[in-house]
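One point on numbering: in the UniProt record's numbering, the residue at position 127 of the sequence shown is 127, and numbering is uninterrupted.
Even for Gly, the Cβ is constructed at its ideal location relative to N, Cα and C.
Predicted model only: the values in this text are computed from it and were never measured.
Remarks on the structure that follows.
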Amino acid sequence: MGPPTTRSQTKKGEKWVEATQQTSLLEDEGLSETSESKFGASDLAVIPLPQVLHELDDTAVVLGRDAKRLRDSTVDAISDVRVEAQSTSVRLAQEVREGNSSLLEGLNASFKAVDDRMRMVPTVATLAPDGSAPRIPFFSGTTDGLQLSAWLRRFDDIARTRVVPLNSEQKANLLIAYLEGVAREKIEELSEEDRRSFDAVVNHLRSFFEGPHHRYMARQMLSSCRQETTEPSVIFANRLLGLVRAATAGQDPAVQKERVLEEFVARLRPDIRYFVKLDNPASFEQAVNRAQTVEQLLAEATTDRLINPTVRAMADVSAFNTPRPGPVVRNTAGAMHRDANLRTPQRGSSASIAEDEVTWLGNAPPRRCNSDKPHQIERMPEWQRLWSEMTNYPG
């Protein structure tokens, strides 16, 4: 804001006011003196204008030269104030920038010191129970259908859900904690340095549990894999998918997908397999969806037969109650025809039993009736009986 107003400058203003008042009195008395003799232009430029104007008497006579000097003094004062304000604002802005820069540097240095101290604090990898995080099944390496690659993928998915990312040593320690049985014993073959590396532990496990021996065992299990009678198609598909992946470990993913499709269709239940083959599915997912649809339709048909068994029973009874064509008889002239008067008795009646005893068109030796009856029953060859039925059937 510039240098403050000093007491000497105030006294000069008061002196100028007193001189102005004296000049006014002298002019009233005819004894006026020029103010130029009392004060110069430099004295008027340094006098505070508000104070001078406030203390100026309203009845005082202001001469032209005094008004001009007053105007010049006002212009000079305003220019000085403007220049001083500009310099003051520039100086304040520079001080604010310098203060902000120093404050920012101090805050950054403080934060960096706190971060360095936090990083220097030792951390211990602990396996704490987490209720919200999904659990990982233990891997033992036995032939339980759980492939190492699928288990490692599940392990990576759950490890990425942690808020604090794990480094290689922490992931290796966590992986070893979920091993048991043969898989845990394989870790003892590694050195202390390799146990701290996640990649080294994974490569060592892959070399053993996805080697030629385990692929051979998976192929043997795949060869005997079949869908059970009561096993749903989805569960069978998941079980077969794990075996195919274990048997084709290390192969191209496209080859594995094609192999899964072939094995799934070939090892379905017969009543489902034929319907799935009719659609000729192009992918494993389509085959599973078609198998589910067929399985649901077969279940609905079975339920319908169990709920409404009378429809089938009525059809069977109607087949038994249909009258059979009468026996072929030969008259005295030797011509064969069907006697319309001879009817086949109902099955199960006494007449039917008697007919069985008489051997109706059977293979027993022929039996002749009494000589007083015009008709007699004879046994005919099978081809002759069929021909006579086609040529002489009434209607």
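Beta-carbon proximity of residue i to residue j, cut-off 8 angstroms
i	j	result
V294	A237	no
E180	F138	yes
H214	K186	no
V244	V255	no
R154	I176	no
L297	R267	no
D279	R290	yes
Helix, strand or coil at residue i [DSSP, three-state]
i	result
F139	strand
L179	strand
T248	coil
L190	coil
E231	coil
R269	coil
S197	coil
A287	helix
E210	coil
L166	coil
L63	coil
S224	coil
R160	coil
N308	coil
P281	coil
V121	coil
Q94	helix
Q296	helix
Q86	helix
Q256	helix
V317	Because the pLDDT of V317 is 47, which lies under 50, any placement of that residue in the model is unreliable, and the question is left without a value.
Top-ranked residue by Cα proximity to residue i, from the options
i	options	result
E210	T248, R290 and L104	T248
V234	S89, V96, I158 and F264	F264
T142	R184, V90, E105 and A159	R184
P212	A109, G250, V96 and R290	G250
R206	T229, S149, P253 and L222	S149
T230	G64, L222, E95 and D271	D271
S223	S89, E262, L190 and V96	E262
Proximal residues to residue i (C-beta, below 6 angstroms), its chain only, five neighbours per side dropped
i	result
A246	Q147 and A218
R269	Q227
Y216	none
F111	none
V182	G141
Y178	I136 and F138
Cβ-based neighbour list, residue i, same chain, cut-off 7 angstroms, excluding 5 preceding and 5 following
i	result
W151	F139
R273	V265
L31	Bear in mind that a pLDDT of 41 at L31, under 50, signals an unreliable position, so the model cannot answer this.
T59	none
E300	none
Own chain partners of residue i with C-beta closer than 8 angstroms, once the 5 adjacent residues on each side are dropped
i	result
K257	S283 and F284
D194	A200, V201 and H204
Cβ-heavy atom distance, residue i to the ligand PLP, below 7 angstroms
i	result
S73	The ligand PLP is not part of this structure, which contains no ligands at all.
Min CB distance residue i to chain D below 8 angstroms
i	result
T74	In the displayed structure, chain D is absent; only one protein chain is listed.
Query raised in the report: Given 8 angstroms as the limit, is there contact between the stretch 193 to 201 and the stretch 165 to 175, that is, 3 or more CB pairs closer than that?
Result: yes
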